[in-house]
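K.L.:
Just so you know, the sequence shown maps onto residues 1 to 265 in full-length UniProt numbering.
Heads up, the beta-carbon is just placed ideally off N, CA and C, and yes, glycines get one too.
The structure's right below; bear with me while I get my questions together.
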Amino acid sequence: MNGPLVFAHRGSSALLPEHTLAAYLRAIEEGADGVECDVRLTRDGHLVCVHDRRLDRTSNGTGRVSARTLAELDELDFGSWHTAALSDDRVTDIPADPSRTRLLTLDRLLDALHDAGRPVRLLIETKHPSRRGATVERTLVATLRAWGLLDPAPDHPVQVTVMSFSPLAVRRMRELAPGLPTALLLEMLPPGLRVGRLPFGARIAGPGIGLVRARPQLVPKLRAAGNRVFVWTVNEPDDLDLVIGHGVDGIITDRPALVLQRLGR
Ligand code: G3P
Ligand code: CA
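Okay, structure coming up:
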């Protein structure tokens, strides 16, 4: 395939509540090459797909995700907040089936991707890795090992890349699972930094669209240094034109259908 890979950020999250099975199934239906999800640990050590540290924005619960057990989180509704915040172009027919808007565990997401009927890539972002030592990374590696995803054959339908803003997390992944591709996310560049090969074996750079706009030479330099470049979160037509013009390798977007249409796919 020519052109960038298209990744649905938190699922097809402009249309459906982020990080729910409904949003991921929609992204698969829309033809996204892959999906992105953030993972956090519950109090009893399960990896769940939630962006914020707290539950308040995206569920009817309150408090920290890490303070609750999986069983407690399973009682919550992760869909209704989105209907309340609905804007014109969002889907109004959120599935009545509550299993599609309950908490999504990483295992449930992996199960859905294996059932997709076609290859789907998965970008997993670890959040705040240093708070509990390397527990997130160790649990993630154990989960991926159980699914046979640490070093899968090239034709395996699910291929995983682990991403983080934290070089420490990237280094831990490198140590725990040397064969697993990693990406270093970049929100800003430290002044004076020379753009070159990424640290700790990361082969993918993940700059935010704000950084790409502010630093027009960044993507060409990252690519010239041998890195692949996946840009997040690209939702607006002008930004799409910018990153397509740069020849990026991946576009992470809340609106996969719009991006695929723009790419003529
Ligand atoms: O894909 C990278 C992007 O998700 C990073 O930002 O805050 O959406 O997790 P955030
Ligand atoms: Ca993320």
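#1: Cα separation between S66 and G117?
#2: From the DSSP secondary-structure annotation, give me the bridge partner or partners of A202.
#3: Give every residue whose Cβ lies closer than 6 Å to any heavy atom of ligand 2, listed in chain order.
#4: With three or more beta-carbon pairs closer than 8 Å as the criterion, would you say the segment 41-58 touches the segment 5-19?
#5: CB V48 to CB R54, shorter than 8 Å?
#6: Under DSSP, the beta strand (DSSP E) around E75 begins and ends at which residues?
#7: Check whether the segment 169-188 and the segment 66-78 are in contact - that is, three or more C-beta pairs closer than 8 Å.
#8: How far does the beta strand (DSSP E) with T126 in it reach, from first residue to last?
#9: Roughly how many whole angstroms lie between the Cα atoms of P98 and D111?
#10: Tell me which residues share the same chain as L103 and place their Cβ nearer than 7 Å to its Cβ, disregarding the 5 neighbours each side in the sequence.
#11: So does H82 have its beta carbon nearer than 7 Å to some heavy atom of ligand 1?
#12: Starting from V170, follow the beta strand (DSSP E) in both directions and report where the run begins and ends.
#13: Extract the residue ranges of the alpha helix (DSSP H) inside the segment 30-71, only unbroken runs of 4 or more that lie entirely within it.
#14: I need the straight-line Cα distance from S166 to L184, nearest angstrom please.
#15: Quick one: what's got a C-beta closer than 8 Å to V234's C-beta in the same chain, skipping five residues either side?
#16: What do you reckon, are the CB atoms on A257 and E36 nearer than 8 Å?
#17: Buried or exposed: where does P237 fall if 16 or more other Cβ atoms within 10 Å of its Cβ makes it buried?
P.N.:
Quick look at the numbers:
#1: 33 Å
#2: The partner list for A202 (beta bridge, DSSP) is empty, contrary to what the question assumes.
#3: E36, D38 and E125
#4: yes
#5: no
#6: Element bounds for E75: n/a, residue is neither H nor E.
#7: no
#8: V120 to T126
#9: 17 Å
#10: Answer for L103: V48, L73, D74, L76 and F78, listed in chain order.
#11: no
#12: Here V170 belongs to no beta strand (DSSP E); instead the alpha helix (DSSP H) covers P167 to L176.
#13: none
#14: 7 Å
#15: Closer than 8 Å at the Cβ level, and outside the excluded window around V234, lie I209, L240, V243, I251, I252, T253 and V259.
#16: no
#17: The residue in question, P237, is exposed, as its Cβ has fewer than 16 Cβ neighbours within 10 Å.
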